[in-house]
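FYI, in our numbering the residues of the sequence shown are -3 to 283.
In this text, a Cβ means the ideal position worked out from N, Cα and C, and glycines have one as well.
Heads up: the structure comes next, in structure tokens.
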Amino acid sequence: MTKACDVYKATSPVDYHAMLTHIPTAGIVFGLTLSILGMLSVVPQHIKLLKRKTSEGMSSHWLTLSNTQMFSSVCNITLLKFPILKGCSVIGFGACYPSLIALAQRGIWLVIFPIIFEFLLYFPPRIDAWTRRSFVVAILEVVLLLCYMVAVVTSAAVLVNHFGPCHDSVLYFANILGLVATVANIIQWMPQIYTTFSAKRVGSMSIVMVAVGAPGNFLVLFFLAFVSKESVTTWLPNLSAALQQSILLALLLTYRRREKLIAQASPYVEISEDTPLVGPSKPSVAT
């Protein structure tokens, strides 16, 4: 943050250019490509939900934790990079973009956020106490998430406007958000891993999204840590997400393969993504 605040204190275009992060062209292209691919990787999940019109097999806890983590991470980086925005207004966005690549890569949150509303829209029929309770829990989680987002944005705006972007209180608040993002990220995929493992089926989870997301997070981790040289609180969530997504991907591929084997062994039995592979199971929603 010290360097970002130095940029904020600069008085001439020469000073801004000297203080901004300098990344080779190849690094800029690499970072921009990761940002675009990260956003595109979420599209298959939207398509699958819209096509199947059910969120069966997905965990509301995973969606809530994911949005909490990503939103906190976006706010963390925005506050830490906020002073650089002054430089952008002086030397142009193109010149200061390399210093903001880490923020651009967090733009994937804007693509993931609508999924939580699709989850509610296509929630399985509430025909028993289990699904009714799960739906109520999901609604409460969304309400709490929205309240958290409003509280964070309001607090950040008040701190920056009152103290300035380089005040210690702003830095502390940014670090707290980074810690929240890290803690949420450590556990964010666990509910979905548990839901998929319990259901023994793929459900409405997109294998394509997870298959792209796991290696993608490793690449983003490499970029943030070694190319743009961001702080540990910025890239640690990517490491945690990559490891958990790898576990989930292994489960999804295993259950998809079993579905195909069962279908081949019993050609007269129709097997779908909703067919339990091992005995009866309770509805796999909001777990």
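Classify Leu273 as helix, strand or coil using the three-state DSSP reduction. For this step, residue 273 is matched to residue 277 along the sequence shown. The predicted position of Leu273 is uncertain, since its pLDDT is 46 and thus under 50; a value taken from the coordinates is nonetheless stated next. In the structure shown, Leu273 sits in coil (DSSP, three-state: anything other than H, G, I, E or B).
Own chain, CB closer than 8 angstroms to Pro276, minus 5 neighbours either side, in chain order: Start at 1 with the first residue of the sequence shown, and residue 276 comes out as number 280. The predicted model places Pro276 with a pLDDT of 44, which falls under 50 and marks its position as unreliable; any figure quoted below should be read in that light. Excluding positions up to five away in sequence, the list is empty.
Entirely enclosed alpha helix (DSSP H) segments - the segment 45 to 129, minimum 4 residues: 56 to 87, 89 to 92, 97 to 101, 104 to 108 and 111 to 117
Residue closest to His18, alpha-carbon to alpha-carbon, out of Ala259, Leu244 and Val223: Position 22 of the sequence shown, counted from the start, is the residue given in the question as residue 18. Comparing Cα positions, the closest option is Val223.
Run through DSSP, which three-state label would Ile19 get? Taking the first residue of the sequence shown as 1, we reach residue 19 at position 23. Looking at Ile19 - three-state DSSP - the assignment turns out to be coil, as it is neither helix nor strand.
Suppose contacts are defined by Cβ-Cβ distances below 8 angstroms. Is Ala210 in contact with Gln184 by that definition? What you label residue 210 is simply residue 214 of the sequence shown in a count that begins at 1. What you label residue 184 is simply residue 188 of the sequence shown in a count that begins at 1. Going by C-beta atoms, Ala210 is not nearer than 8 angstroms to Gln184.
How many angstroms separate the CA atom of Pro79 from the CA atom of Gly160? Walking along the sequence shown from the start, residue 79 turns up at place 83. Walking along the sequence shown from the start, residue 160 turns up at place 164. Whole-angstrom Cα-Cα distance: 9 angstroms.
Assuming Gly209 is part of the alpha helix (DSSP H), what are its boundary residues? Counted from its first residue, the sequence shown places residue 209 at position 213. Run containing Gly209: Ile203 to Phe218, per the alpha helix (DSSP H) assignment.
To the nearest angstrom, how far is it from the Cα of Glu226 to the Cα of Thr127? Translated into positions along the sequence shown, residue 226 becomes position 230. Translated into positions along the sequence shown, residue 127 becomes position 131. Approximately 43 angstroms, taken between the alpha carbons.
Using the Cβ count rule (16 or more neighbours within 10 Å means buried), how would you classify Gly34? Position 38 of the sequence shown holds residue 34. By the neighbour-count rule (16 or more Cβ atoms within 10 Å), Gly34 is buried.
Tell me whether Pro161 sits in a helix, a strand or coil according to DSSP, three-state version. Position 165 of the sequence shown, counting from 1, holds the residue named residue 161. It is coil, neither helix nor strand.
One question on the structure: do Leu75 and Ala152 come within less than 8 angstroms of each other, judged by their Cβ atoms? Locating residue 75 in the sequence shown gives position 79, where the first residue counts as 1. Locating residue 152 in the sequence shown gives position 156, where the first residue counts as 1. Contact flag set, yes.
On a Cα-Cα basis, can you pick out the residue from Leu215, Ala237, Leu81 and Ala221 that is closest to Leu30? In the sequence shown, the residue the question calls residue 30 occupies position 34. Among Leu215, Ala237, Leu81 and Ala221, the Cα nearest to that of Leu30 belongs to Leu215.
Have a look at Ala195 and Ser165 and give me their C-alpha separation to the nearest angstrom. Start at 1 with the first residue of the sequence shown, and residue 195 comes out as number 199. Start at 1 with the first residue of the sequence shown, and residue 165 comes out as number 169. Whole-angstrom Cα-Cα distance: 46 angstroms.
When you compare the CB positions of Ile104 and Val38, do they come within less than 8 angstroms of one another, or not? In the sequence shown, the residue the question calls residue 104 occupies position 108. In the sequence shown, the residue the question calls residue 38 occupies position 42. The answer is yes: Cβ separation under 8 angstroms.
Could you check whether Trp231 and Ala221 sit closer than 8 angstroms to each other, using their CB atoms as the reference points? What you label residue 221 is simply residue 225 of the sequence shown in a count that begins at 1. What you label residue 231 is simply residue 235 of the sequence shown in a count that begins at 1. A contact, by the Cβ cut-off of 8 angstroms.
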